[in-house]
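Participant: Anchor point for the sequence shown: position 82 equals 81 in numbering that gives the first Met the number 0, and the numbering is continuous, going up by one each time. Dropping the structure in here first, questions after.
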Amino acid sequence: MQLLKKHVTRIAVALALGTGTLIGGSGTASAADVHPQYWNYKCDYGRACIYSISGQVWNADQCGVNPVNGVYNYAKAHGNSFRVWYQDWTWDVVTAWSERTLDGGNVVTEVQVYC
Numbered sequence: 000m001q002l003l004k005k006h007v008t009r010i011a012v013a014l015a016l017g018t019g020t021l022i023g024g025s026g027t028a029s030a031a032d033v034h035p036q037y038w039n040y041k042c043d044y045g046r047a048c049i050y051s052i053s054g055q056v057w058n059a060d061q062c063g064v065n066p067v068n069g070v071y072n073y074a075k076a077h078g079n080s081f082r083v084w085y086q087d088w089t090w091d092v093v094t095a096w097s098e099r100t101l102d103g104g105n106v107v108t109e110v111q112v113y114c
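This is the structure:
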């Protein structure tokens, strides 16, 4: 139940951040430039994705650091390369247009998308 609560909280935060970016973004940015992160059942085109051990897929394509906190066992780069950072300061790289397994026994703390 607590895991479900954590996921719902993450979704709410992601939606709030995405909405805030649309409303309060810079004058030169357009809605087409905004790519909020979200949970889905698959990895969408153009996204950096990590798959949780529960089967949910976190879709992120914000360049730079995307904080997360959970256990993930698979990653897919539908676009840019990215690095998955673990709690013990180790990492895995997922090259553009590839996929790989992750350390499912280690907590992921952030995903760094290279643009």
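A virtual CB, placed ideally from N, CA and C, is assigned to each residue, including glycine.
For the beta strand (DSSP E) that contains W57, what are its first and last residues?
Facilitator: 56–59
Participant: Go through the region 32–107 residue by residue and report every complete run of the beta strand (DSSP E) that reaches 3 residues or more, in order.
Facilitator: 37–39, 47–51, 56–59, 63–76, 81–85, 90–93, 98–100
Participant: Quick one: residues in its chain with C-beta nearer than 7 Å to the C-beta of E109, no 5 flanking neighbours on either side, listed in chain order?
Facilitator: V64, N65, P66, V67, W84
Participant: Would you be able to state if there are at least three C-beta pairs under 8 Å between the region 50–63 and the region 88–95?
Facilitator: By the Cβ criterion, the region 88–95 is not in contact with the region 50–63, since fewer than three pairs of Cβ atoms, one from each stretch, lie closer than 8 Å.
Participant: Can you check whether the CB of C114 is closer than 9 Å to the CB of R58?
Facilitator: Note on residue identity: the sequence assigns Asn, not Arg, to residue 58. Their beta carbons are not under 9 Å apart, which means N58 does not touch C114 by this criterion.
Participant: Within its chain, find whatever has a CB closer than 8 Å to the CB of G104; leave out the 5 residues flanking it on each side and keep chain order.
Facilitator: Here the set comprises V70.
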